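S.K.: Dumping the structure here so I can ask a few things about it.
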Amino acid sequence: MSAHRLLNAPQIWLQRHAQVALASLGRLFNNSLGSFMTCAVIGIALALPIGLHVILNNLQSISGGWDSGASISLFLQQTVSDDQAASLAEKLRLHQRIEKVELVTKQAALAEFRRLSGFGEALEALDNNPLPALLVIQPKTDYTSAETAQLLVRELGLLPEADIVQLDLQWVRRLQAITVIAQRAVLVLATLLGLAVLLIIGNTIRLEIQNRRAEIEITKLIGATNAFIRRPFLYTGFWYGLFGGIIAWLMVAISVTLLRGPVANLASLYESAFDLSSLGWLNVISLLAASAVLGLVGSWLAVGKHLSAVEPS
Amino acid sequence: MIHFDNVSKRYPGGHTGLSNVSFRIEPEEMVFLTGHSGAGKSTLLKLIGLLERSSGGQVHVNGRNLTRLKNRKIPYHRRDVGMIFQDHRLLHDRTVFDNVALPLVVSGLGHKEIGRRVRAALDKVGLLYKEKEPPATLSGGEQQRVGIARAVVSKPPLLLADEPTGNLDPDLSREIMDLFSQFNQVGVTLLIATHDIELINRMNKRILTLSKGTLTGDSQAEDPV
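If you read the protein sequences in the order shown, they are chains W and F.
The opening residue of the first sequence carries number 394 in this note's numbering; numbering runs sequentially from there.
The opening residue of the second sequence carries number 10 in this note's numbering; numbering runs sequentially from there.
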C-alpha cells in the first residue's frame with residue numbers, strides 16, 4: 394500500500410495542486426462581483442503604465458523612423474528645369490554617401506500643392522509654376538549621424554543648382570530626449586503602481602484569511618502543514634494577478650483600437666502610413682506573467698504575515 | 010501511549026492550568042477524564058494535541074517527546090491524534106463527505122482511497138446516506154457523529170474527545186459512547202473528557218479526576234479514590 398502511494402506521489406501532488414487551483418478559482422467566481430472589482434482595480438493600476446508604454450513605443454517608432462532615414466531636402470534654384478533636376482538626381486545617385494534620391498519635379502510639386510493647400514484656383518492665375526524642383530536625399534546608413542549628415546548638407550549646398558538645403562534633425566532629437574524622460578517616468582510610475590497592486594492583493598488576501606479563520610483553525614487541528622494551508626491563498630493571489638493582467642491588457646487593446654482611426658487620420662494628413670501599434674504577443678505574455686507573479690508575491694507576503702497568527706485553540 | 014511526567018501549565022498572567030500532573034495511559038486503554046469546569050481537562054487535552062505546550066515537565070505521546078517536538082513537526086503529530094470537540098468544529102460550507110475527507114486530503118491520499126475510506130467511516134457512524142448534505146442540516150447528534158467519523162477516518166491510534174456528549178440528551182450520549190467502545194475494541198486508545206459522572210460510572214472504565222489543575226484521582230469506576 395505504501396509502495397503504491399509512493400509510485401503515485403507526483404501524480405497525487407499534481408492532482409492536489411490542480412484541485413486547489415480550481416477550488417480557489419471557483420471561490421473567486423462564487424463571489425464574482427467582489428472578485429471582479431478587485432481584479433478591475435488591479436487591471437486599472439496595471440493598464441496605466443502599460444498604456445503609457447504603448448504610447449512611448451509608438452512615439453519612438455515615429456522618431457526612430459525619421460532618425461534612420463534622416464532625409465535631406467534639397468530645393469533647387471527656380472531656374473533649374475525638371476530635366477536638369479533629373480540629371481542632377483542621376484549624378485547624385487552615384488555619390489558614395491547617398492543611398493537614395495527621390496525627385497519631386499516642378500510639375501509634381503505643383504500638383505501636390507494644388508491638392509493639399511486649397512489654393513488651386515489662385516495658382517491658375519499664375520503664368521508659370523513658382524515652385525522649385527525638390528530632391529529628397531537619403532544618406533547611406535553610415536552617414537546618418539548628425540555630424541556626417543551635416544557634412545553632406547554643406548557639400549550639397551555648394552552645388553550650383555542648390556537653393557536651400559534642409560536637414561530637419563533638431564526636433565527629432567528633442568523628441569527623443571523627451572521620450573527618454575517619459576520612459577523614465579513610466580518606469581517610476583510602473584514601480585509605484587506595481588507596489589499598489591502588491592498592497593491591494595495583500596490586503597484582499599488578509600481579509601480572506603480573516604474570513605476563513607475557522608476553516609484554517611480546523612485544518613490545522615487535523616494536521617495540515619503550513620504549506621497546505623498557504624496553498625489556496627497563494628493560488629487566489631495568482632488568479633487575482635492574472636485576471637488583473639487580462640483586464641489591463643483588454644483596456645489597453647480597446648484604447649488602442651479606439652485611437653487607431655483618429656491617429657491614422659492624423660498620419661495621413663502628414664503623408665504618413667503610420668499605424669498605431671498595440672501590445673505584441675510577447676508583451677502580452679510578459680504582462681500576464683508579471684501580473685500573475687505580482688499576485689503571487691502579494692499573497693505570499695500577506696500569508697506569511699497573517700497565517701501564523703491563526704492558531705487553533 | 011500517553012505519558013505525563015510532572016507536567017505543569019501556567020498561562021501568562023499567572024493563571025495555573027495544570028500543576029505537577031503525572032500519569033500513564035497504555036495503548037488500547039479507554040480512559041475518562043473528569044472534574045469540574047476549569048479543573049484543567051481541556052488544558053490536558055490541548056497539551057496532548059499540541060494546541061498548547063507545557064511550561065514544565067515532559068509529555069510523551071505515541072512515542073514522541075512533545076516537549077522537544079519542533080513546530081513544523083506538529084502537523085504530523087496531529088495526524089496521529091484524532092480530536093473530537095463539543096462544538097463539532099465542522100466546516101459548514103462543505104458537504105459531510107468533504108468534512109470527513111479533510112484529514113485524508115491533508116495527508117495527501119489519492120482520490121479513490123479517500124472515497125473508500127470516507128464511506129467506510131461514515132458507514133461506521135451510520136451516516137453514509139447523508140454524505141452529500143451540508144452539516145448544518147444535520148441534528149446535533151448527527152453532527153457529532155460526523156466529527157467522530159472525521160477523527161477516525163485516518164485511523165489514528167489515539168482519539169481525544171472534549172465533552173463529546175455535552176450538548177446531547179442521554180440516549181444520544183449513550184449511542185456516542187457505544188461508538189467509542191467499538192473503536193476501543195479494535196485497538197484505539199481513547200481519552201474522553203466529560204463531567205457526565207452518571208454516564209462514565211455506567212461505562213466501567215478507568216477514570217482520571219482533575220481538581221484545580223492537579224490530578225486527585227486515578228482509578229476504576231467501581232473503586233473510587
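Here a beta-carbon is modelled for each residue, glycine too, at the ideal position from N, C-alpha and C.
Values in this document were obtained by computation on a predicted structure and should not be read as measured data.
1. For phenylalanine 621(W), decide whether its Cβ has a neighbour in chain F, counting only Cβ atoms nearer than 8 Å.
2. Between alanine 202(F) and alanine 170(F), is the Cβ-Cβ spacing less than 8 Å?
3. Which residue from Leu42(F), Ser148(F), Thr52(F) and Phe192(F) puts its Cα closest to that of histidine 24(F)?
4. Should threonine 672(W) and tryptophan 632(W) be called a contact, given that it needs their Cβ atoms to be closer than 8 Å?
5. Do leucine 545(W) and arginine 490(W) have their beta-carbon atoms positioned less than 8 Å apart in this structure?
6. Within the same chain, show all residues whose beta-carbon is closer than 8 Å to that of glutamine 95(F), passing over the 5 residues directly before and after it, in chain order.
7. Using a Cβ-Cβ cut-off of less than 9 Å, give me the residues of the stretch 403–422 of chain W that come near chain F, in sequence order.
8. Check the Cβ-Cβ distances between proline 144(F) and every residue of chain W, and say whether any is below 8 Å.
9. Check for me: the alpha helix (DSSP H) holding threonine 104(F) runs from which residue to which?
10. Could you check if arginine 154(F) is buried or exposed, using at least 16 other CB atoms within 10 Å of its CB as the buried criterion?
11. Taking 8 Å as the CB-CB cut-off, is phenylalanine 192(F) touching chain W?
12. Could you give the DSSP three-state label for arginine 73(F): helix, strand or coil?
13. Considering only C-alpha positions, which residue in the set Asp187(F), Glu35(F) and Ser64(F) is nearest to glycine 72(F)?
14. Can you list, in chain order, the residues of its chain with a C-beta nearer than 7 Å to that of leucine 137(F)? Leave out the 5 residues immediately preceding and following it.
15. Does the distance from the CB of leucine 240(F) to the CB of isoleucine 157(F) come in under 8 Å?
16. Sort Gly634(W), Ile602(W), Phe512(W) and Ala478(W) by Cα distance to alanine 695(W) and report the nearest one.
17. Are any of the Cβ atoms in chain W nearer than 8 Å to that of tyrosine 20(F)?
18. Going by other Cβ atoms of all chains shown within 10 Å of its Cβ, with 16 needed for buried, is leucine 659(W) buried or exposed?
19. Relative to the C-alpha of lysine 221(F), which candidate in Met10(F), Phe13(F) and Ser17(F) has its C-alpha closest?
20. Contact between the stretch 519–532 of chain W and the stretch 578–598 of chain W is defined here as three or more beta-carbon pairs at a separation below 8 Å; is this criterion met?
21. Leucine 445(W) to alanine 414(W), Cα distance in whole Å?
22. Got a sec: is the Cβ-Cβ distance from serine 64(F) to anything in chain A below 8 Å?
23. What residue from Gly196(F), Glu207(F) and Pro166(F) has the CA that sits closest to aspartate 180(F)'s CA?
24. Which of helix, strand or coil does DSSP assign to methionine 186(F)?
25. Hey, would you say lysine 214(F) sits closer than 8 Å to methionine 39(F), going by beta carbons?
26. In angstroms, rounded to a whole number, what distance separates the CA positions of glycine 511(W) and alanine 502(W)?
27. Does the count of Cβ pairs from the stretch 465–483 of chain W and the stretch 550–559 of chain W closer than 8 Å reach three?
28. Closer than 8 Å, CB to CB, is alanine 396(W) near chain F or not?
29. Thinking just about the alpha-carbon of each residue, which of Ile678(W), Val656(W) and Leu627(W) is nearest to the one in valine 690(W)?
30. Which residues mark the beginning and the end of the beta strand (DSSP E) in which valine 494(W) is found?
31. Can you check the stretch 134–163 of chain F for any alpha helix (DSSP H) of at least 4 residues that lies completely inside it and give the ranges in chain order?
32. Please give the ranges of any alpha helix (DSSP H) in the stretch 631–704 of chain W, keeping only runs that are unbroken, at least 4 residues long and fully inside the region.
33. Output the distance between the C-alpha atoms of leucine 687(W) and glycine 91(F), rounded to the nearest integer angstrom.
34. So, are the CB atoms of proline 144(F) and asparagine 108(F) less than 8 Å apart?
35. Name the chain F residues that come within less than 8 Å of leucine 614(W), Cβ to Cβ?
36. Report the option in Ser706(W), Phe636(W), Trp693(W) and Leu549(W) whose CA atom is closest to the CA atom of phenylalanine 429(W).
M.R.: In this structure, then:
1. By 1-based counting over the first sequence, the position of residue 621(W) is 228. Yes - at least one Cβ of chain F is within 8 Å of the one on phenylalanine 621(W).
2. If you number the second sequence from 1, residue 202(F) lands on position 193. If you number the second sequence from 1, residue 170(F) lands on position 161. In contact: alanine 202(F) and alanine 170(F) (Cβ atoms closer than 8 Å).
3. On the second sequence, residue 24(F) is found 15 positions in, with the first residue counted as 1. Checked all of Leu42(F), Ser148(F), Thr52(F) and Phe192(F); the closest Cα to histidine 24(F) is Thr52(F).
4. Within the first sequence, the letter at position 279 stands for residue 672(W). Within the first sequence, the letter at position 239 stands for residue 632(W). Threonine is not the amino acid found at residue 672(W); the sequence shown has leucine there. It is not a contact, given that the beta carbons lie outside the stated cut-off.
5. Along the first sequence, read from residue 1 onward, the residue named residue 490(W) stands at position 97. Along the first sequence, read from residue 1 onward, the residue named residue 545(W) stands at position 152. Result yes, Cβ atoms of arginine 490(W) and leucine 545(W) sit closer than 8 Å.
6. Here residue 95(F) refers to the residue found at position 86 when the second sequence is read from its first residue. Counting only Cβ-Cβ distances below 8 Å, and skipping sequence neighbours, we find Asp171, Glu172, Pro173, Gly175 and Asn176.
7. Gln404, Ile405, Trp406, Gln408, Arg409 and Gln412
8. Counting from 1 along the second sequence, the entry for residue 144(F) is found at position 135. Proline 144(F) does not count as touching chain W.
9. Residue mapping note: residue 104(F) aligns to position 95 of the second sequence, counting from 1. First-last for threonine 104(F): undefined, no H or E at that position.
10. Working through the second sequence from its first residue, we reach residue 154(F) at position 145. Buried, since its Cβ has 16 or more Cβ neighbours within 10 Å.
11. For this step, residue 192(F) is matched to residue 183 along the second sequence. So no, phenylalanine 192(F) is outside the interface.
12. In the second sequence, residue 73(F) corresponds to position 64, counting from 1. Arginine 73(F): strand per DSSP, three-state reduction.
13. Against the second sequence, residue 72(F) aligns to sequence position 63. Ranking the options by Cα distance to glycine 72(F), first place goes to Glu35(F).
14. In the second sequence, residue 137(F) corresponds to position 128, counting from 1. Excluding sequence neighbours, leucine 137(F) sits near Arg128 and Leu131.
15. Chain F is shown only over 10 to 234; residue 240(F) falls outside these bounds and no answer can be derived.
16. Start at 1 with the first residue of the first sequence, and residue 695(W) comes out as number 302. The residue with the shortest Cα to Cα distance from alanine 695(W) is Ile602(W).
17. As a first step, residue 20(F) is located in the second sequence; it is residue number 11 there, counting from the start. So no, tyrosine 20(F) is outside the interface.
18. Residue mapping note: residue 659(W) aligns to position 266 of the first sequence, counting from 1. Counting Cβ neighbours within 10 Å, leucine 659(W) comes out exposed, since fewer than 16 surround it.
19. As a working mapping, residue 221(F) is identified with position 212 in the second sequence. Measuring from the Cα of lysine 221(F), the nearest candidate turns out to be Ser17(F).
20. no
21. The count along the first sequence starts at 1 and reaches residue 445(W) at position 52. The count along the first sequence starts at 1 and reaches residue 414(W) at position 21. So the two alpha carbons sit approximately 33 Å from each other.
22. Absent from the structure is chain A; the protein chains it does hold are W and F.
23. The count along the second sequence starts at 1 and reaches residue 180(F) at position 171. Selected option, being the one with the closest Cα: Glu207(F).
24. As a position in the second sequence, residue 186(F) is number 177, starting the count at 1. Correct three-state label for methionine 186(F): helix.
25. Against the second sequence, residue 214(F) aligns to sequence position 205. Against the second sequence, residue 39(F) aligns to sequence position 30. Yes.
26. The residue you call residue 511(W) lines up with position 118 of the first sequence. The residue you call residue 502(W) lines up with position 109 of the first sequence. Their backbone Cα atoms lie some 14 Å apart in a straight line.
27. yes
28. Reading the first sequence from its first residue, position 3 is the one you call residue 396(W). The pLDDT assigned to alanine 396(W) is 46, lower than 50, so where the model puts this residue is not dependable; a value taken from the coordinates is nonetheless given after this. Output row for alanine 396(W): interface = no.
29. For the purposes of this step, residue 690(W) is taken as the residue at position 297 of the first sequence. Taking only the C-alpha atoms, the option nearest valine 690(W) is Leu627(W).
30. In the first sequence, counting from the first residue as 1, residue 494(W) sits at position 101. Its beta strand (DSSP E) spans residues 491–497.
31. 149–161
32. 674–699
33. By one-based count along the first sequence, residue 687(W) stands at place 294. By one-based count along the second sequence, residue 91(F) stands at place 82. Roughly 39 Å separates the two Cα atoms.
34. Position 135 of the second sequence, counted from the first residue, corresponds to residue 144(F). Position 99 of the second sequence, counted from the first residue, corresponds to residue 108(F). Contact: yes.
35. What you label residue 614(W) is simply residue 221 of the first sequence in a count that begins at 1. In chain order: Gly58, Leu60, Arg87, Met92 and Arg98.
36. Within the first sequence, numbered from 1, the residue matching residue 429(W) stands at position 36. For phenylalanine 429(W), the nearest C-alpha among the options comes from Phe636(W).
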